[in-house]
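Participant: Protein chains in written order, with my numbering: chain U, 1 to 461; chain B, 1001 to 1176. We treat Cβ as the ideally placed atom computed from N, Cα and C, and that holds for glycine.
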Amino acid sequence: MPQTMFDKIWSAHEVSEGLIYIDLHLVHEVTSPQAFDGLRLAGRGVRRPDKTLATADHNVPTDGTKAARLIADQLSRVQVETLERNCEEFGVPIYSLGSERQGIVHVIGPELGVTQPGMTIVCGDSHTSTHGAFGALAFGIGTSEVEHVLATQCLVQRRPKTMRISYAGELGAGVTPKDLILATIGRLGTGGMVGHAVEYAGPAIESLSMPGRMTICNMTIEGGGRAGMIAPDETTFEWVRGRQGAPEDFEAATAAWRELPTDPGASFDTEVEVEAGEIAPMVTWGTSPGMVVEVTDAVPDPAAMDSPADRESAERALAYMGLEAGTPMTEVAPERVFIGSCTNSRVEDLREAAAAVDGRKVADSVRGMVVPGSQQVKADAEAEGLDDVFRSAGFEWREAGCSMCLGMNPDILIEGERCASTSNRNFEGRQGKGGRTHLVSPTMAAAAAVEGHFVDIRDWK
Amino acid sequence: MSVLDRADVDTDQIIPKQFLKRVERTGFGEFLFYDWLRDGEIELEPNPILVAGRNFGCGSSREHAPWALEDFGFEAIVAPSFADIFYANCTKIGLLPVELDERHCRTVAEAGEARIDVDDQTVTCADGVFEFEIEPDIQHRLLGGLDDIGITLESAGAIDEFERGGGARGRATTAL
């Protein structure tokens, strides 16, 4: 019987029914301390430290602080130091603050080549779906499950349903993978993928680079999906080849990886079709990623919405965002611009943003920040001179970390500040209490920084 | 019972990020819905049951959200739908997630009082009795309070065999 890629990976990892073996467990400082405590209390060890990898990302300052003990915020310092201590005690490899391999957990996995096709990958972080871009089954888990995987290298899982979203045609000029996923979430709703492992397919996906594919899979969770996946192909293999964690027998590995894509005729529980050529640059206007419009549209009018629940949510969102229905999105003026996060902080993202600002200046009304996803991304970007481009334009060029995506470190918005952000969540208070987030692509963020308001990147010269 | 009639309540609202820096597992209840409660956006009393809106618990995977709800006093959450990770996290700590369709959620909320029977899988209020679905193994765990890891470790032999059979993939992270 023809199988989906999900079916193949799932059945290859079933130790027994509903018990799934985990090939790679990524760990960070926020969701792991209670799990390590649980192990200690029960007198248990980490079953496979060699299938586990830790880094510090959520709490780390991006101002050049070189070691955990130097973190000014006491709670953050304790959390990062606790991670370092736990990793030492249990033998788990860690790239903490000060390591040249430190970075956002979903950036360093693929960068080191430890993220590979056909694997099962988990992390106590919802954006673990990022790794599905390699044709892996990757999903976020809670702290109890982190402890479970540390102790057993397995997880008890309900088998999710399967969904395929097929994108016909090609994205237009200036339209990016970020726009593709925002438009998809806008159409399906933030609960549209709940309970599903989602495979993104079609010509518009196949022609994307790995960073573009990672951006799409990353935001699967914003549509409620359990996991996002993209079939591995030559683009995938070329990314993994030569990296530290790549398989020793690379030819044998690629031969096995070629068997992973969904068989012709395999059936999914849900199928969705999207015309890629009709997708425009997107900007969110509200407090959930599904509250999104094309940049050429206006802020929607809640009164025109059919369902009372949607109307109420929209009214509350507009009040929080300080926006009026009917205002063209191109008149909305952010004071802050953040380019970074596990969604859009890879060298390719920075390259695109740099190309947009090259030779221009950040508007006087705007403070712009660029935060590379990892120390390696930072080094690579600097080798290309991207830091100079950003600095000359008036952007701050910072150290690697989650930064202003989630406000757990000093990079936050102050009450009422409006931000064009390349991150993944525009929830109330996500970037700082009272902060107002508009999610956009790196080029849209860069252009907004220069103009002081959103612009349609397609006709921006 | 308490009612929070909003859709898409995310875990950033349930427990804002500044409280995720704690390394303990207890004491999160006082920070539940921190901003909303302090800004007077919502009122919420600690009761055994919380009736909530669709897609409850979306966003971040933080188990701190169910920890806070439980520590605040809730034992069960009734909603038309839940985000996947949040649902799983609840079942791991013995907080009961109950999915009822939107109409029935409203009836329960309006009744103001209800009794939930995990064994029978029913929610009973003055205006009706509504059945809900729950996986047998989750039901078993909620009733028995079993140690998940202990159960999996009983399969240690099968896990060893899976590894010996070449099922595990990837190079050692310890050798990078």
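For the beta strand (DSSP E) that Ala42 of chain U lies in, which residues bound it at each end?
Facilitator: Careful: Ala42 of chain U lies outside any beta strand (DSSP E), inside the alpha helix (DSSP H) at Pro33 to Ala42.
Participant: Kindly indicate which three-state DSSP category Ser96 of chain U falls into: helix, strand or coil?
Facilitator: DSSP places Ser96 of chain U in coil when its eight states are reduced to three.
Participant: Report yes if the C-beta distance between Val80 of chain U and Ser374 of chain U is below 8 Å; otherwise report no.
Facilitator: Not in contact: Val80 of chain U and Ser374 of chain U (Cβ atoms no closer than 8 Å).
Participant: Return no unless some Cβ of chain U is closer than 8 Å to the Cβ of Gln1013 of chain B.
Facilitator: Yes - at least one Cβ of chain U is within 8 Å of the one on Gln1013 of chain B.
Participant: Can you look up His148 of chain U in the DSSP assignment and give me helix, strand or coil?
Facilitator: Looking at His148 of chain U - three-state DSSP - the assignment turns out to be helix.
Participant: Could you check how far apart the C-beta atoms of Val60 of chain U and Ile165 of chain U are, in whole angstroms? I think they sit under 8 Å.
Facilitator: Contact doesn't hold; Cβ gap of about 34 Å is too wide.
Participant: Would you kindly work out how many angstroms separate the C-alpha atoms of Thr1122 of chain B and Asp1137 of chain B, rounded to a whole number?
Facilitator: Going from the Cα of Thr1122 of chain B to the Cα of Asp1137 of chain B covers about 17 Å.
Participant: So Leu53 of chain U and Val146 of chain U are in contact, right, with Cβ under 8 Å, and what is the actual spacing, rounded?
Facilitator: That belief does not hold up - the Cβ atoms of Leu53 of chain U and Val146 of chain U are roughly 13 Å apart, past 8 Å.
Participant: Would you call the segment 246-263 of chain U and the segment 1104-1120 of chain B touching, i.e. three or more CB-CB distances under 8 Å?
Facilitator: With the cut-off at 8 Å, the segment 246-263 of chain U and the segment 1104-1120 of chain B do not touch.
Participant: Once DSSP output is grouped into helix, strand and coil, what is the label at Asp301 of chain U?
Facilitator: Coil at Asp301 of chain U, not helix or strand.
Participant: Just to confirm before moving on: does the CB-CB distance between Leu155 of chain U and Val194 of chain U stay below 8 Å?
Facilitator: In this structure, Val194 of chain U does not lie closer than 8 Å to Leu155 of chain U by Cβ.
Participant: Is the segment 266-284 of chain U in contact with the segment 193-210 of chain U, if contact means three or more CB pairs nearer than 8 Å?
Facilitator: Yes: the two stretches touch, three or more of their Cβ pairs being nearer than 8 Å.
Participant: Could you give the C-beta distance for Gly450 of chain U and Ala363 of chain U, rounded to a whole number, given that I count them as a contact under 8 Å?
Facilitator: It should be noted that the sequence gives Val, not Gly, for residue 450 of chain U. Going by Cβ atoms, the distance from Val450 of chain U to Ala363 of chain U rounds to 6 Å, so yes, they are a contact pair.
Participant: Quick check: is the beta carbon of Glu1030 of chain B nearer than 8 Å to any beta carbon in chain U?
Facilitator: So, not an interface residue.
Participant: What does Glu147 of chain U reach in chain B if we use C-beta pairs closer than 8 Å?
Facilitator: In chain order: Ile1149.
Participant: Please state if the CB of Val283 of chain U and the CB of Val440 of chain U are separated by a distance shorter than 8 Å.
Facilitator: Yes, they are a contact pair.
Participant: So what does DSSP say about Asn1128 of chain B, is it helix, strand or coil?
Facilitator: According to the sequence displayed, residue 1128 of chain B carries Gly and not Asn. Reduced to three states, the DSSP call for Gly1128 of chain B is strand.
Participant: Give the single residue among B:Phe1086, B:Asn1089 and B:Cys1125 whose Cα lies nearest to the Cα of Cys1105 of chain B.
Facilitator: The candidate whose alpha carbon is nearest that of Cys1105 of chain B is B:Cys1125.
Participant: Hey, how far is the Cα of Lys1092 of chain B from the Cα of Asp1005 of chain B?
Facilitator: Cα-Cα distance, rounded: 25 Å.
Participant: DSSP on Val1003 of chain B, reduced to helix/strand/coil?
Facilitator: Looking at Val1003 of chain B - three-state DSSP - the assignment turns out to be strand.
Participant: Counting along the chain, where does the beta strand (DSSP E) carrying Thr203 of chain U start and finish?
Facilitator: Here the sequence assigns Pro to residue 203 of chain U, which means Thr is not the residue at that position. Careful: Pro203 of chain U lies outside any beta strand (DSSP E), inside the alpha helix (DSSP H) at Pro203 to Glu206.
Participant: Is the distance from the Cβ of Thr235 of chain U to the Cβ of Thr343 of chain U below 8 Å?
Facilitator: No; because the gap between Cβ atoms is not below 8 Å, this pair is not in contact.
Participant: Taking only beta-carbon atoms, is Pro93 of chain U less than 8 Å away from chain B?
Facilitator: Closer than 8 Å: yes.
Participant: Should Phe427 of chain U be flagged as near chain B, meaning a C-beta pair shorter than 8 Å?
Facilitator: By this cut-off, Phe427 of chain U is an interface position.
Participant: Check this for me: beta carbons of Thr262 of chain U and Met5 of chain U, under 8 Å apart or not?
Facilitator: It is a contact, given that the beta carbons lie within the stated cut-off.
Participant: Counting only runs of 3+ residues fully inside the segment 106-165 of chain U, write out the beta strand (DSSP E) ranges in chain order.
Facilitator: Whole beta strand (DSSP E) segments, 3+ residues: 120-123, 137-140 and 154-156.
Participant: Check Val198 of chain U in the structure and name its three-state DSSP category.
Facilitator: Looking at Val198 of chain U - three-state DSSP - the assignment turns out to be strand.
Participant: Going by alpha carbons, who is nearest to Pro49 of chain U out of U:Met119, U:Ala354, U:Pro93 and U:Trp10?
Facilitator: Considering only alpha carbons, the answer is U:Pro93.
Participant: For a test of the three-state rule: what should DSSP assign to Cys419 of chain U, helix, strand or coil?
Facilitator: Three-state result, Cys419 of chain U: strand.
Participant: Put Ala231 of chain U into one of helix, strand or coil per three-state DSSP.
Facilitator: Coil at Ala231 of chain U, not helix or strand.
Participant: Can you give me, in chain order, the residues of the segment 1077-1104 of chain B that have a beta carbon less than 7 Å from any beta carbon in chain U?
Facilitator: Residues passing the 7 Å Cβ filter: Ser1081, Ala1083, Asp1084, Ile1085, Ala1088, Asn1089, Lys1092 and Ile1093.
Participant: Just mark Gln74 of chain U as buried or exposed, buried being the case when its beta carbon has 16 or more other beta carbons within 10 Å.
Facilitator: Gln74 of chain U comes out exposed.
Participant: To the nearest angstrom, how far is it from the Cα of Lys178 of chain U to the Cα of Phe250 of chain U?
Facilitator: Distance between the alpha carbons of Lys178 of chain U and Phe250 of chain U is about 31 Å.
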